[in-house]
Amino acid sequence: MGKTLFDKIWDSHVVRSVEGGPDVLYIDRHLIHEVTSPVAFLNLERRGLQVFRPGQTVATPDHNVPTEGQDLPIGEELSRHQVEMLSRNCEKHGIPLYGLNHPWHGIVHVIGPELGITQPGMTIVCGDSHTSTHGAFGAVAFGIGTSEVEMVLASQCILQPKPRRMRITIDGRLGPGVTAKDIALYIISKISTSGGTGHFIEYAGSAIRALTMEGRMTLCNLSIESGARGGMIAPDETTFAYIRGREFAPQGDAWEKALAYWKTLKSDEDAVFDSEYRFRAEDIEPMITYGTNPGMGITVSGHVPLLEEVAVAERDNFLKSLEYMGFRPGEPVAGKKVDYVFVGSCTNGRIEDLRAFAALVKGKVKASGVTVWIVPGSKQVEKAAREEGLAQMLETAGFVLRQPGCSACLAMNDDKIPEGKYAVSTSNRNFEGRQGPGARTLLASPLTAAAAAIMGVITDPRILMEGS
Amino acid sequence: MAYEKFTTLISTGVPLKSENVDTDQIIPARFLKAVERKGFGDNLFRDWRYDREGLPKAEFVLNDARYSGKILVAGKNFGSGSSREHAAWALYDYGFRVVVSSFFADIFRNNALNNGLLPVVVPPLFLGKIFAAIGHDAATLFRVDLPQQLFTIVGSGESVPFEINMYKKECLMKGLDDIDYLLSMKGEIREFEKRGQ
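Line by line, the protein sequences are chains F and D. All residue numbers for the first sequence refer to the numbering used here, where the first residue is 566 and numbers rise by one. All residue numbers for the second sequence refer to the numbering used here, where the first residue is 98 and numbers rise by one.
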């Protein structure tokens, strides 16, 4: 019987299978940030241990950092302390760090791929659930807890039960105005936020193959929101072209050798998955969430489900969600007033996302009464946005480009949505209080975010695209 | 991280019926700024437990004097979302040693097991029985027997087996963590690295 891509990579990284227990999995790349690493370093030091493979570790502060005035010391004391601890720990253990103001600084899941650190066939972990992003390159990448961060620092290995395999195939062509974000929200609305639990997803099909690397990263990023450990896409020419020439990509003979290996990375024809789903690209429209988990998604032009459309067992949670969001069953979301728009995060903070946003707002003006935060995923994204003239174009339309970081996605810094306010966000979670205590989040694509920023109300982006 | 050894626990349960309780609810991100592991229990379920002025919300179960104990009984898909281990730390620090649900998110389950907090998966119908038993009498005792892998409603004697892998079971019973195990095989890891080159 053939093997899946996931099995091929996982199995080749098993150092030992523990009897009646998990596998000891070797980790090729370990990404760390300021929030989930300090306790791991502290425990390491208490045990008198060194970092086993500092050269396979990369650090950047992203969760806590301000998105304005990054040349100044961080004002908030606890955040500053965490960022300083990361610098100190990296220095002590010889770990490469791309700190604030470094030209390679940014959100950990944005800089890994853009520096060529993320490569096909690798195992990659980080103390952050959106590590699934790196699966876009045909890597086995997943989020871990701080105890596991400590394991990897100490041994470059992790004890992990092997997930089951799921394949989600999407064939066909996406319509105009439909993006990778919409594919992800569509899938999660179909399989729920626990549909992928215990599994590692491989995304396949012609609609997936047609996605750019940025789009693939968005899709794999959101795998965790279906409960899956991770998501991946077999590498192809799109992948290789993206990696080629990046800072840490293999060069010369090493490139040829790597390429030959990467080309073998795909599921065998007769590989068997534990579960399979198939969707048609043509059925997917611009999506938005109305509730307090990413599975509560509808089309932008659709309506909040009626109570009778919700399974009986789910109704209590459904009504609790709507109460938090201030929505009624059955009402349309289009036309609802928007207070904030957030464009950024490891989900949609890449250059392509800023390009999509800018293309839609070009020649138009920001709606008054809407506060818009556009936060590039990295310094390199910020630089590209300036060089391409996007920053200028955005400014003309009434927007400002901020500095990179996780920002309002989880509101650990000052970028908090106030209580009761509605925010259309390109990020990944609409949980209660995620973007600030009492904040009401509607997840959507950069295009839908742009339409909301221009119109001041939730708007199907295709309406604005028709005239252009 | 050192934690108490776990063998058998007999305790009342605290019922949290909500489903899909994500780790942002268990511990909101703004409380993740500590560089040491202490005091997270104070902020467990912070925004459900306290209002904006920091006063306890009477309707939330942790503020309801009828309920106490070391077992949290939760609706399905508990611990979804962020990988923050602080969620497991907060539950443990507050005093919970077991979380019972019909379904756990993967990362949370691993994090709990790495911190002496036992996630017990029971069938949905049995979870309903547990909620009903607490609803009927908040003083209902439950027995969590790790060696036998058995969860029992003490009064009625109804019990259900639960799964846990042998390795993790032994770790919990002995209070061991994975680092000790991994450090013991450094030689094998080095050999693996050589083979890969």
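All C-beta atoms, glycine included, are put in the ideal place defined by N, C-alpha and C. Quantities reported herein were computed from a predicted structural model and do not represent experimental measurements.
So, with DSSP's three-state summary, where would you put residue i?
i                  : result
TRP145 of chain D  : helix
ASP234 of chain D  : coil
ASP636 of chain F  : coil
PHE200 of chain D  : coil
ILE660 of chain F  : coil
HIS674 of chain F  : helix
GLU879 of chain F  : helix
PRO897 of chain F  : strand
VAL623 of chain F  : strand
TRP938 of chain F  : strand
VAL304 of chain D  : Chain D is shown only over 98 to 294; residue 304 of chain D falls outside these bounds and no answer can be derived.
THR804 of chain F  : helix
ARG611 of chain F  : helix
ALA988 of chain F  : strand
GLY213 of chain D  : coil
MET731 of chain F  : strand
SER1033 of chain F : Caution is warranted here: a pLDDT of 47 is assigned to SER1033 of chain F, below 50, making its placement in the model unreliable, and the coordinate value is therefore given only provisionally. Three-state result, SER1033 of chain F: coil.
PHE765 of chain F  : strand
MET782 of chain F  : helix
VAL1050 of chain F : Chain F is shown only over 566 to 1033; residue 1050 of chain F falls outside these bounds and no answer can be derived.
MET270 of chain D  : helix
SER754 of chain F  : helix
In chain F, which residues lie with their C-beta within 9 Å of the C-beta of residue i?
i                 : result
SER115 of chain D : ASP881, ASN882 and LYS885
MET282 of chain D : VAL580, ARG581, VAL589, SER720 and CYS722
ASP242 of chain D : The contacting residues do not exist; ASP242 of chain D stays about 19 Å from chain F at best.
For residue i, go through chain D and note every residue whose CB falls closer than 7 Å to its CB, in chain order.
i                  : result
ALA1004 of chain F : What ALA1004 of chain F touches in chain D: nothing, since even the nearest Cβ is about 11 Å away.
LEU1065 of chain F : As shown, chain F starts at 566 and ends at 1033. That puts residue 1065 of chain F outside it, with no answer to give.
PRO726 of chain F  : ASN262
GLU715 of chain F  : ILE276
Between the options, which has its C-alpha nearest residue i's C-alpha?
i                 : options                                    : result
ILE545 of chain F : F:HIS674, F:PHE707 and F:VAL675            : No answer is possible for residue 545 of chain F: the residues shown for chain F start at 566 and end at 1033.
GLU101 of chain D : D:MET270, D:ASN117, D:ALA230 and D:PHE137  : D:MET270
LYS901 of chain F : F:GLU599, F:ILE1023, F:VAL630 and F:ILE773 : F:ILE1023
GLY942 of chain F : F:PRO726, F:GLY761 and F:VAL675            : F:VAL675
ASP148 of chain D : F:LYS944, F:GLU984, F:ARG1005 and F:GLN816 : F:GLU984
GLU879 of chain F : D:GLY151, D:ILE261 and D:LYS114            : D:LYS114
LEU718 of chain F : F:LEU637, F:PRO894, F:SER992 and F:GLN621  : F:GLN621
GLY795 of chain F : F:ASP848, F:VAL926, F:SER697 and F:SER771  : F:SER697
PHE137 of chain D : D:ARG146, D:TYR191, D:ASP144 and D:TYR164  : D:TYR191
GLN945 of chain F : F:ALA976, F:PHE571, F:PRO626 and F:GLY671  : F:GLY671
ILE227 of chain D : D:GLU290, D:VAL111, D:ILE123 and D:LEU106  : D:VAL111
GLU812 of chain F : F:CYS971, F:ILE1019 and F:THR683           : F:THR683
LEU614 of chain F : F:LYS986, F:THR991, F:MET716 and F:SER694  : F:MET716
PHE964 of chain F : F:LYS931, F:ALA988 and F:ASN978            : F:LYS931
Less than 8 Å between the C-beta atoms of residue i and residue j, yes or no?
i                  : j                 : result
LYS208 of chain D  : SER712 of chain F : In the sequence as presented, Lys is not what sits at residue 208 of chain D; that position holds Asn. Closer than 8 Å, so yes.
LEU237 of chain D  : GLY252 of chain D : Reading the sequence as shown, one finds Thr at residue 237 of chain D and not Leu. Yes, these two residues count as a Cβ contact at 8 Å.
SER198 of chain D  : ALA171 of chain D : yes
ARG967 of chain F  : THR632 of chain F : yes
TRP827 of chain F  : PRO800 of chain F : yes
SER177 of chain D  : ASN117 of chain D : yes
VAL579 of chain F  : LEU596 of chain F : no
ALA950 of chain F  : ILE916 of chain F : yes
SER180 of chain D  : ILE709 of chain F : yes
LEU784 of chain F  : ILE753 of chain F : no
ARG1027 of chain F : PRO851 of chain F : yes
ALA185 of chain D  : LEU159 of chain D : no
LEU739 of chain F  : ALA701 of chain F : no
ARG618 of chain F  : GLN721 of chain F : yes
ILE808 of chain F  : GLY770 of chain F : no
Check the Cβ of residue i against every Cβ in chain D and list those closer than 8 Å, keeping chain order.
i                 : result
PHE996 of chain F : ASP119, ASP121, GLN122 and GLY178
Listing by chain order, which chain F residues have their CB less than 7 Å from the CB of residue i?
i                 : result
PRO258 of chain D : Those within 7 Å of PRO258 of chain D in chain F number zero; the least Cβ separation is about 16 Å.
ASN160 of chain D : In chain order: nothing, as chain F lies at least about 17 Å away.
LYS226 of chain D : Per Cβ cutoff of 7 Å: no residues; LYS226 of chain D is ~16 Å from chain F at best.
List, in order along the chain, the chain F residues whose C-beta lies closer than 8 Å to that of residue i?
i                 : result
PHE200 of chain D : SER759 and THR762
What does residue i reach in chain D if we use C-beta pairs closer than 9 Å?
i                 : result
SER788 of chain F : What SER788 of chain F touches in chain D: nothing, since even the nearest Cβ is about 11 Å away.
THR601 of chain F : LEU129, SER180, ARG181, GLU182 and HIS183
GLN615 of chain F : The contacting residues do not exist; GLN615 of chain F stays about 12 Å from chain D at best.
- Message: Could you check whether the segment 732–751 of chain F touches the segment 1005–1019 of chain F, counting it as contact only if at least three pairs of C-beta atoms, one from each stretch, sit closer than 8 Å?
- Response: yes
Under 8 Å: do the segment 883–895 of chain F and the segment 996–1008 of chain F share three or more Cβ pairs, one atom per stretch?
yes
Quiz item: Quick one: any contact between the segment 126–142 of chain D and the segment 598–608 of chain F, if contact means 3 or more CB pairs under 8 Å?
Solution: yes
**OP:** Pair every Cβ in the segment 232–251 of chain D with every Cβ in the segment 276–286 of chain D, then say whether three or more of these pairs are closer than 8 Å.
**Re:** no
**Asked** Would you say the segment 964–982 of chain F touches the segment 901–915 of chain F, given that touching needs at least three Cβ pairs under 8 Å?
**Response** yes
Item to check | Contact between the segment 644–653 of chain F and the segment 763–775 of chain F (3+ Cβ pairs under 8 Å) | outcome: no
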